[in-house]
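In UniProt numbering, the protein residues as written are 1 to 623. Everything on this sheet refers to the single structure shown next.
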Amino acid sequence: MLSQSHPKEPQRDVDVTPLDDDPELLTIEANPLQNQRELRAQQAHDAVDWSYCRSLRLWGTYLGLVFGLYGSCAAVLAPLSILTYINADLGPSDVYVNIPIAFTAMNAVCFLTLGRLSDLFGRRYFLIAQVASGFIGAIMSGTANNLNTLIGGAVFIGMAAVSGSTYQIYIGELVPIRHRGYWNSLILVPTLSLQSFGPVVGKSRVFVRDHSWRWCYYMASISYGIGIVLLILFYWPPSFDHLHKRHRRMELIKDFDYIGLILFAAGMVLFALGVSWGGGYLPWTSAAVIAPLVIGFVGLVAFLLWQAFTKIKEPLMNWDFLVYKPRSYLYPFIVSTTGGMFYYGILLVWPIVVVNVFGASSIIKQGFMVCTAYAGVSVGAVLGGILFHIGAHHRLKVVVANILMVVFTVGVSQTDRTQQGAAIACVLIASLSNGALETMCMLWTSVSRSTDNIGLSLGLLGSGRSFGGAVAQAIFIAVLNNKAGAYIPQFVTSAALEAGLPTASLPSLFQAMAAGTAEAFAAVPGITAAIVGAVQTAVANAYVETFKYVYYTAIAFGCFSLIFACLHDKDVQHHLTSHIGKRLYQRSDTTSSSNMGAERNQDVDASPEKDRDNVTVEHADSV
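Here it is, written out as structure tokens:
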């Protein structure tokens with residue numbers, strides 16, 4: 001019997017009905033930590049509580065998340081496409097490069113930290129605080145008179161952007177597991193226009209003329225403000241008292257893994273600063289780059305060792321959670337992280353290709369061409385959420401998306417500057433496949449672990465993707481700079497001499513290219529319009545050859561990802577039940593505390609060394 005195989009251990013905070021007489025005893029023995037409520041949901045996949053799914057509080061929360069995500073898109077995507085204009089208005093100064101770095105650093109730290117803390121203490125006030133920080137950051141940035149204030153605002157916006165990227169945590173636990181993908185897509189659809197065409201919006205005259213780039217932040221503050229109001233009114237998930245019947249808040253605060261938090265946060269921030277500064281703002285050999293890189297990497301290694309070999313009552317990330325049954329979590333984690341490296345790389349490289357290879361005639365045309373990558377990822381994310389729930393064979397879906405991503409990256413690597421349409425089509429399909437792949441892996445990791453730990457599941461995944469993206473950007477920039485430094489002098493020298501430029505004028509020509517002004521070119525001895533045209537063509541051809549190696553690097557990431565995609569479980573159909581992990585409740589419901597006991601912490605810790613809601617191997621695998 002079950003009780004013989006699993007002797008009674010200290011319970012977490014929930015009374016568990018004896019399972020000895022349950023008709024699905026074999027199922028229970030295969031996964032003893034599922035309770036009868038979850039098993040009943042598995043037996044009746046169609047038993048969805050539609051009255052709850054149609055409730056005002058659920059749809060009010062949905063709209064709050066949509067407005068929060070829209071605010072993050074307006075405050076991040078649109079300004080990033082016009083940073084040079086903003087720098088010219090408030091600067092100019094080289095410190096403007098720290099604006100996107102602030103986004104990256106806050107994302108890397110806050111994904112895991114806020115995900116785990118909200119698992120333990122309840123999500124309501126974490127989510128509201130995140131959206132409120134975006135509102136504060138948007139106001140700061142929209143009224144900024146100098147770049148330092150803008151960077152400070154970016155820190156607050158970066159924290160809010162985490163809530164925009166982790167909407168799967170907040171909506172995922174509130175809806176039936178078998179409908180999570182649909183709800184994720186439903187949240188993305190209203191923001192598709194800004195996610196897809198952010199570069200066009202940013203580059204349009206509305207945001208450039210008369211220094212009105214500030215309207216990017218004004219739009220964001222309005223959206224954040226509406227989101228805050230909706231979440232305050234409708235977002236009432238289980239509170240701390242509902243999640244923990246027998247333990248006080250101070251106990252969890254006392255037992256939390258502060259050493260792990262410090263190692264993780266310091267390591268992530270320093271590593272992100274090092275890889276972001278290197279090769280652009282500062283040379284790779286600079287001490288200001290090497291020091292944070294090394295210290296950050298050592299901090300992250302120390303964090304992983306700390307999680308693996310120490311016994312903490314409330315760990316930031318339990319090592320067993322990551323590695324237990326790797327085909328259901330670790331391998332999708334690796335695929336998503338590697339896919340994130342592809343994503344960050346293509347969004348970094350493609351705008352440079354548009355400008356230097358295809359030479360779009362206007363900034364609006366440049367914006368639309370750049371949008372092919374953004375639109376592909378965004379639409380792919382919507383499609384991925386839908387396709388994940390259509391039929392089984394989830395591994396096959398992931399593998400096909402990965403293959404398409406690699407194949408069409410190979411295609412774009414074989415195009416030249418005369419094949420603009422083919423290049424755009426290949427980038428669009430590769431990005432679309434990447435968006436679908438990322439969404440399916442996120443859904444996979446969230447359904448293969450307990451809903452009680454969905455914040456840890458997706459928070460860990462988000463931090464991994466941010467870390468991988470920072471590494472990928474450093475690799476892509478290094479490849480780009482090295483190859484461009486070799487090919488541009490070679491191609492330009494040959495073309496200029498063939499066009500009739502005197503050999504003695506080559507140093508002046510390269511100085512003029514560095515200056516990039518018509519006056520500088522006019523001062524080159526022996527220069528003619530024909531020579532200038534030949535030089536421009538040579539630079540474009542040099543970039544074509546350069547970007548081939550960048551694409552080859554992306555292809556290598558994609559092939560590595562494909563290996564682990566093939567190692568996934570066949571599917572996760574058995575996890576896709578009608579179970580709702582955490583229900584919203586009415587603020588006025590004073591009796592909800594007793595009712596919520598059946599809704600939260602469905603798993604019981606079977607380990608005698610641990611209690612409360614630690615993340616353990618046994619309940620990490622339950623739904």
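Glycine included, each C-beta is placed from N, C-alpha and C at the ideal position.
Taking a 10 Å sphere around the C-beta of Glu173, we find 16 or more other C-beta atoms and assign the residue as buried. Non-local C-beta neighbours of Cys426 in its own chain, meaning closer than 8 angstroms and more than five positions away in sequence, comprise Phe408, Thr409, Gly411, Val412, Thr415, ordered along the chain.
In the three-state DSSP reduction, Glu519 falls in the helix class (H, G or I). The residues Leu114, Ser118, in chain order, have a CB closer than 6 angstroms to that of Phe126 in the same chain once the five nearest residues on each side in sequence are set aside. For Leu293, the enclosing alpha helix (DSSP H) has its first and last residue at 287-309.
Counting the other Cβ atoms within 10 Å of the Cβ of Ser212 gives fewer than 16, which makes it exposed. Leaving aside the five residues that flank Ala540 on each side, the residues in its chain whose CB is nearer than 7 angstroms to its CB run, in chain order, Asn356, Val357, Gly359, Arg417. When only Cα atoms are considered, Cys371 and Asn98 end up about 23 angstroms apart. With fewer than 16 other CB atoms across the displayed protein chains lying within 10 angstroms of its CB, His574 is exposed. Runs of the alpha helix (DSSP H) spanning 4 or more residues and lying entirely within the region 257-283 occur at 258-277, in chain order. The C-beta distance from Asn184 to Gly435 rounds to 12 angstroms, too long to meet the 8 angstroms contact threshold. Note that the region 520-536 does not touch the region 553-572; fewer than 3 beta-carbon pairs, one per stretch, sit closer than 8 angstroms. Taking a C-beta distance under 9 angstroms as the contact criterion, Ala144 and Leu90 qualify as a contact pair. Ser505 is positioned such that its CB atom lies no closer than 9 angstroms to that of Gly340.
Look at the beta carbons and you see the region 61-74 touching the region 127-146: at least three pairs across the two are nearer than 8 angstroms. Distance from the CA of Pro79 to the CA of Cys216, rounded to the nearest whole angstrom, comes to 7 angstroms.
By the neighbour-count criterion, in which a residue is buried when 16 or more other Cβ atoms sit within 10 angstroms of its Cβ, Arg249 is exposed.
In its chain, beyond the 5 residues on either side, Arg214, Tyr217, Tyr218 have a beta carbon closer than 6 angstroms to the beta carbon of Gly142.
In terms of CA proximity to Trp306, Leu261 leads the group Trp277, Ile136, Leu261.
Here Glu251 carries a helix assignment [DSSP, helix/strand/coil]. Going by C-alpha positions, Gly152 is about 11 angstroms away from Met159. Close CB contacts of Ile429 within its chain, under the 6 angstroms cut and outside five residues either way in sequence, are with Phe408 (chain order). In this structure, Phe264 keeps its C-beta atom at 9 angstroms or more from the C-beta atom of Phe297. Taken in chain order, the unbroken stretches of alpha helix (DSSP H) that lie wholly in the region 382-456 and span 4 residues or more are 394-413, 420-447. Per DSSP, the unbroken alpha helix (DSSP H) holding Gln536 starts and ends at 529-565.
Spanning the alpha carbons of Tyr85 and Tyr281 requires a straight line of approximately 18 angstroms. Going by beta carbons, Val289 and Leu480 fall outside the 9 angstroms limit. By a beta-carbon distance limit of 8 angstroms, Val492 does not contact Ala520. Their separation comes to about 15 angstroms. An exposed status is given to Gln511, since fewer than 16 other beta-carbon atoms sit within 10 Å of its beta-carbon. For Ser185, the enclosing alpha helix (DSSP H) stretches over residues 180-188. Leu383 has its alpha-carbon roughly 28 angstroms from the corresponding atom of Val109.
With respect to Ala381, Leu194 sits apart: the two C-beta atoms are not nearer than 9 angstroms. Distance from the CA of Ser55 to the CA of Val335, rounded to the nearest whole angstrom, comes to 36 angstroms. The beta-bridge partner set that DSSP reports for Glu314 consists of Phe256.
In the structure shown, Leu480 adopts helical secondary structure according to DSSP, grouped into three states.
Counting the other CB atoms within 10 Å of its CB gives Trp50 a total below 16, which places it among the exposed residues.
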